[in-house]
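Enquirer: Handing you a structure now.
Numbering (our numbering), first residue to last: 541 to 855.
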């Protein structure tokens with residue numbers, strides 16, 4: 541058995557997970573960002589103990605604890621170098637948790653833990669090389685090579701959302717650069733463009749579906765309007781798919797994964813998105829006569845963070 545800890549800016553989730561990546565029992569607590577990190581780590585320790593107890597297992601049954609965190613973890617030192625939404629800088633996570641447990645403790649970026657989860661128990665099961673993309677506020681990426689999470693020599697190599705896809709007059713990104721992929725292919729990007737289009741086209745279904753309240757526009761609003769054949773929404777959707785495909789083609793050219801799994805809210809569009817995306821990738825892929833990555837939907841949803849963190853203990 542393994543413990544997986546998924547630390548988020550709002551909530552912390554903990555699960556007891558078996559060798560195959562199946563969650564036996566899980567629980568959660570609010571993160572409470574802004575408190576001393578020692579208090580947060582104590583909450584995590586208490587939650588781990590509670591989850592084990594409620595599952596009718598004992599601490600002796602647990603082989604390791606894995607932690608998935610936003611930001612930049614350093615597994616070798618057992619620290620989180622920084623995590624902006626947690627307000628953490630050089631936090632000794634492993635040392636603090638070792639006060640409560642005499643177990644191996646692994647730490648990894650939460651994007652890579654999601655990718656590892658899909659590789660072990662989800663859409664990418666059975667292949668050695670895969671990449672999981674999460675289309676949300678930004679674009680999260682989990683790279684798995686030879687069955688292990690990959691983040692490069694300095695642990696900063698999985699930031700695929702910050703590939704530059706628009707060199708001239710690119711949209712400014714929160715990272716300080718302009719033209720980053722996630723500014724064009726995240727859920728946030730689709731919402732931003734949906735609001736602009738609705739404001740400029742009050743006759744569009746996007747505008748009408750929210751009764752003119754632009755703040756109610758979501759990625760689903762745009763996609764649903766596109767499904768209905770709304771011209772404004774279809775134009776937006778086609779542009780969105782184009783940018784999503786261009787980034788994926790760059791990933792295929794760089795990594796040649798067996799599978800690319802796509803998760804996050806936008807992926808709930810299902811075949812409407814996937815069919816258009818696959819068609820666009822096929823149109824622009826470099827090696828047209830050679831097999832390339834299967835593009836599919838991620839399947840584990842919010843459980844991916846727990847499962848992937850737990851599976852760090854198997855590595």
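Even for Gly, the Cβ is constructed at its ideal location relative to N, Cα and C.
Owing to the predicted nature of the structure, the values given are computational and were not obtained by experimental measurement.
Compare the Cα-Cα distances from residue 689 to each of 827, 678, 672 and 705 and report the closest residue.
Expert: 672
Enquirer: Taking the alpha carbon of residue 547 as the reference point, which residue from 611, 560 and 597 has its own alpha carbon closest?
Expert: 611
Enquirer: Skipping 5 residues on each side, what residues in its chain have a beta carbon closer than 6 Å to that of residue 816?
Expert: 781
Enquirer: State the CB to CB distance for the pair residue 605 and residue 641, rounded to an integer number of angstroms; the pair is presumed to be in contact (CB under 8 Å).
Expert: 6 Å
Enquirer: Along the beta strand (DSSP E) that carries residue 771, what are the first and last residues, could you check?
Expert: Not the beta strand (DSSP E): residue 771 falls in the alpha helix (DSSP H), residues 771-795.
Enquirer: If you run the structure through DSSP and keep just helix, strand and coil, what is residue 817?
Expert: helix
Enquirer: Measuring CA to CA, which of 770, 843, 801 and 592 is closest to residue 784?
Expert: 801
Enquirer: For residue 844, I'd like the list of residues in its chain whose CB is within less than 6 Å of its CB, leaving aside the five on either flank, ordered along the chain.
Expert: 654 and 657.
Enquirer: Do residue 820 and residue 760 have their CB atoms nearer than 9 Å?
Expert: no
Enquirer: Is the separation between the beta-carbon of residue 587 and that of residue 609 shorter than 9 Å?
Expert: no
Enquirer: Which ranges does the beta strand (DSSP E) cover as unbroken runs of at least 3 residues, wholly within the segment 698-771, from first to last along the chain?
Expert: With a minimum length of 3 residues, no continuous beta strand (DSSP E) run stays inside the segment 698-771.
Enquirer: Assign residue 673 to one of three DSSP states: helix, strand, or coil.
Expert: It is a strand residue.
Enquirer: List the whole-angstrom C-beta distance separating residue 607 from residue 564, where the pair is believed to meet the contact cut-off of C-beta under 8 Å.
Expert: Contact check for residue 607 and residue 564: beta-carbon distance about 18 Å, past the 8 Å limit, so the pair fails to qualify.
Enquirer: Do three or more CB pairs link the segment 587-597 to the segment 572-579 at distances below 8 Å?
Expert: no
Enquirer: Short check: CB of residue 786 to CB of residue 824, under 9 Å?
Expert: yes
Enquirer: Thinking just about the alpha-carbon of each residue, which of 770, 719 and 847 is nearest to the one in residue 743?
Expert: 770
Enquirer: If residue 717 and residue 683 are in contact, beta carbons under 8 Å, what's the gap, nearest whole angstrom?
Expert: The Cβ separation is near 21 Å, so there is no contact.
Enquirer: CA-CA distance, residue 632 and residue 573?
Expert: 16 Å
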